[in-house]
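*Asks:*
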Amino acid sequence: MREIGLQQVHPESWTLPRAWKRGYARASLVTPFAMPIPVAAYGWSGSTPQHSGPVPVVLVNANDVAEHLDSLIRTHGASWRGKALLIASNPDKPMRAYSQLLPLLQAATAAHAVVVLRHDTRPGNGIIHSEPVAVALPETIDTKLIAAVDLPVEQQKLIEHLLRLNRPVRINIDVENSFSAGPVPSNNIVGEITGVIHPKEIVLVGAHLDSWDLGTGATDDGFGAAAVLGAAQALIQAGLHPERTIRFVLFTGEEEGLLGSRAYVRQHAAEMANIVAAFALDWGAGPIIQLPTAGHPELLPLLTHFNDMTPQLELKPPTEGWLFMTDAYAFTLEGLPGIAPLVRAPGYSEQAHSAEDTLDKVSSADLRQATKVLAMAGFFLADTDKLPPGHLTPAQTADTLILGNQKPLLEVFGLWPFQE
Ligand SMILES: [Zn+2]
5 MREIGLQQVH PESWTLPRAW KRGYARASLV TPFAMPIPVA AYGWSGSTPQ HSGPVPVVLV
65 NANDVAEHLD SLIRTHGASW RGKALLIASN PDKPMRAYSQ LLPLLQAATA AHAVVVLRHD
125 TRPGNGIIHS EPVAVALPET IDTKLIAAVD LPVEQQKLIE HLLRLNRPVR INIDVENSFS
185 AGPVPSNNIV GEITGVIHPK EIVLVGAHLD SWDLGTGATD DGFGAAAVLG AAQALIQAGL
245 HPERTIRFVL FTGEEEGLLG SRAYVRQHAA EMANIVAAFA LDWGAGPIIQ LPTAGHPELL
305 PLLTHFNDMT PQLELKPPTE GWLFMTDAYA FTLEGLPGIA PLVRAPGYSE QAHSAEDTLD
365 KVSSADLRQA TKVLAMAGFF LADTDKLPPG HLTPAQTADT LILGNQKPLL EVFGLWPFQE
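Note that the numbering used here gives residue 267 to position 263 of the sequence shown, counting from 1, and the numbers run on in steps of one.
#1: Can you name the start and end residues of the alpha helix (DSSP H) that E205 belongs to?
#2: Of the residues L20, D312, E415 and A138, which one's Cα is nearest the Cα of P189?
#3: Beta carbon of H133: closer than 7 Å to some heavy atom of ligand 1?
#4: Write down the C-beta distance between E247 and G199 rounded to the nearest angstrom, noting that I regard them as a contact closer than 8 Å.
#5: DSSP on L371, reduced to helix/strand/coil?
#6: In three-state DSSP terms, what is P301?
#7: In the DSSP assignment, the alpha helix (DSSP H) including R266 goes from what residue to what residue?
#8: Looking only at its chain, what residues have a beta carbon closer than 7 Å to the beta carbon of L337, apart from the 5 residues adjacent to it on each side?
#9: Kindly indicate which residue of L149, H272, L405 and L317 has the alpha-carbon position closest to the one of S17.
#10: What are the boundary residues of the beta strand (DSSP E) that M39 is part of?
#11: Can you list, in chain order, the residues of its chain with a C-beta nearer than 8 Å to that of A23? Leave out the 5 residues immediately preceding and following it.
#12: Are at least three pairs of beta-carbons, each pair with one atom in the stretch 346-366 and one in the stretch 221-231, less than 8 Å apart?
#13: Looking at Y102: is its Cβ nearer than 8 Å to the Cβ of T79?
#14: Look at the Cβ atom of V235, then the Cβ atom of V207, and state whether they are nearer than 8 Å.
#15: State the Cα-Cα distance for the pair P42 and P203, rounded to the nearest angstrom.
#16: Short check: CB of A282 to CB of A332, under 8 Å?
#17: CB of E258 to nearest heavy atom of ligand 1: below 7 Å?
#18: Which partner residues does H14 have in the DSSP bridge list?
#19: When you measure from the CB of T330 to every non-hydrogen atom of ligand 1, does any distance come out below 7 Å?
#20: Counting along the chain, where does the alpha helix (DSSP H) carrying Y333 start and finish?
#21: Should the stretch 148-162 be called in touch with the stretch 118-137, which here means at least 3 C-beta pairs below 8 Å?
#22: Just list the beta strand (DSSP E) runs in the stretch 210-259, keeping only unbroken ones of 3 residues or longer that don't cross its boundaries, in chain order.
#23: Give every residue of the same chain whose Cβ lies closer than 8 Å to the Cβ of V59, excluding the five residues on either side of it in the sequence, and list them in chain order.
#24: Return the first residue and the last residue of the beta strand (DSSP E) that I279 is part of.
#25: Which runs of the alpha helix (DSSP H) spanning at least 4 residues fall entirely within the stretch 49-128, listed in chain order?
#26: Rank I77, I293 and V280 by C-alpha distance to the C-alpha of L306 and give the top, closest one.
#27: For S32, write down the residues that DSSP places opposite it in a beta bridge.
#28: Give me whichever residues DSSP pairs with P21 in a beta bridge.
#29: Where R251 and V62 are concerned, what is the direct C-alpha to C-alpha distance, given to the nearest angstrom?
#30: Can you look up L306 in the DSSP assignment and give me helix, strand or coil?
#31: For D312 and P40, I'd like the C-alpha separation in whole angstroms.
#32: Q294 bridges to which residues according to DSSP?
#33: In three-state DSSP terms, what is G339?
#34: Measure the C-alpha to C-alpha separation of P11 and T249 and round it to an integer number of angstroms.
#35: Could you tell me which residues DSSP puts in a beta bridge with P189?
#36: In the DSSP output, what is V153 paired with across the bridge?
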């Protein structure tokens, strides 16, 4: 950011209750035949007990995990000792099932099970994923959990098939992860082009720096971070001086539950009223095709005007629509427009959080287009004479989120902040 020539460049520290470090994860089928099983530990899960030897695998019904976890634990918990629990594939409510992974893991730990195995709900053949055991990381990290691992859909279905045929299945499994002894700091990175007339009014343009470690994070969210820096550089090289401040922020901790952006919102509470809009680009490596305003119709006339002025960007008309999750949400929850630009990246759901997330998925033409959209839309909002009416109150924000069908997701992920 300093090299580009941004002003006020600095880190802003926030604290993680602990750090989690991946060790190793090895698994193989032993009975009924020998076959290696690629596995990767879910973030914040623990280790297998030492010398567990070949372990019997039992099938756990995914719909019971999603909807009836308490009775599942009451009925079957006592039989989990010394076992590997395989959560069956294709639950009716995959998000709900995912949200129950941590409570299931806690119950499996209490029952002295050895490991929980689960295929990620993202599509993709032959690949393993890693993400946190809970979307919004709890305040207190449980360092005593057993291991939870992701495995490819093929191995998942094979083991499931054998178990449904009542064939005994045993695996060797050896997983080790570790935690820091105490809290660790992390830094959002902030820089800006200070506004020449209304420096306290801010258009925020962001993306996230952190990524999962099975790949290099080129699409999630290296592409977004590069576009943010590229937009800053383009505006500075063009010698543009917007009326309002354009603030560029690279957040950390997004993958653990928007931790960095939520910390930013807390640390800048007094400034929230002055934020015109907050962009966060995080939907894969591809051209930006639309700007959804996430329940803020008051921005539509302005963004429609922007589209009319920039036909070369080929954006679809803006909508009030939503893209769930990512850092834009931290600002939406504060009642201001959090805009997660819609990206055309058909392979994204397979790539994200997996070993497929590497630089070969990024096209420089797409990166240039996304960079242009961020630079031009950011500058447009920072320099327009017209401004939309003020932000929503918490009650209005809650209503908007409920109308936009966002509440169930936010609740599932532990991010719904409003009282009834
Ligand atoms: Zn991301």
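The C-beta atom is built at its ideal place from N, Cα and C for all residues, glycine as well.
*Replies:* Per the coordinate set shown:
#1: Per DSSP, E205 belongs to no alpha helix (DSSP H); it is in the beta strand (DSSP E), H202 to H212.
#2: Of L20, D312, E415 and A138, the residue nearest in Cα terms is L20.
#3: Because no heavy atom of ligand 1 lies under 7 Å away, the Cβ of H133 does not count as near it: no.
#4: Under the criterion of beta carbons closer than 8 Å, E247 and G199 qualify as touching, at roughly 5 Å.
#5: The DSSP-derived three-state label of L371 is helix.
#6: helix
#7: L263 to Q271
#8: T401 and P421
#9: H272
#10: M39 to I41
#11: F183, S184 and V188
#12: yes
#13: In this structure, Y102 sits away from T79, with a CB-CB distance that is not shorter than 8 Å.
#14: A small correction: the amino acid at residue 235 is Ala; Val does not occupy that position in the sequence shown. Contact: no.
#15: 53 Å
#16: A332 is positioned such that its CB atom lies closer than 8 Å to that of A282.
#17: yes
#18: V194
#19: Distances between the C-beta of T330 and the heavy atoms of ligand 1 include at least one below 7 Å.
#20: A332 to T336
#21: yes
#22: 248-255
#23: G86, K87, A88, V118, V119, R174, I175, N176 and I177
#24: I279 to A284
#25: Listed in chain order, they are 66-71, 73-80, 98-103 and 105-114.
#26: It is V280.
#27: S32 pairs with P40 and N176.
#28: Note: P21 sits in no beta bridge, so no partner.
#29: 52 Å
#30: Assignment of L306 by DSSP, reduced to helix, strand and coil, places it in the helix class.
#31: 56 Å
#32: L346
#33: coil
#34: Before going further, note that residue 11 is Gln rather than Pro in the sequence given. The alpha-carbon atoms of Q11 and T249 are separated by roughly 10 Å.
#35: T19
#36: A45 and L121
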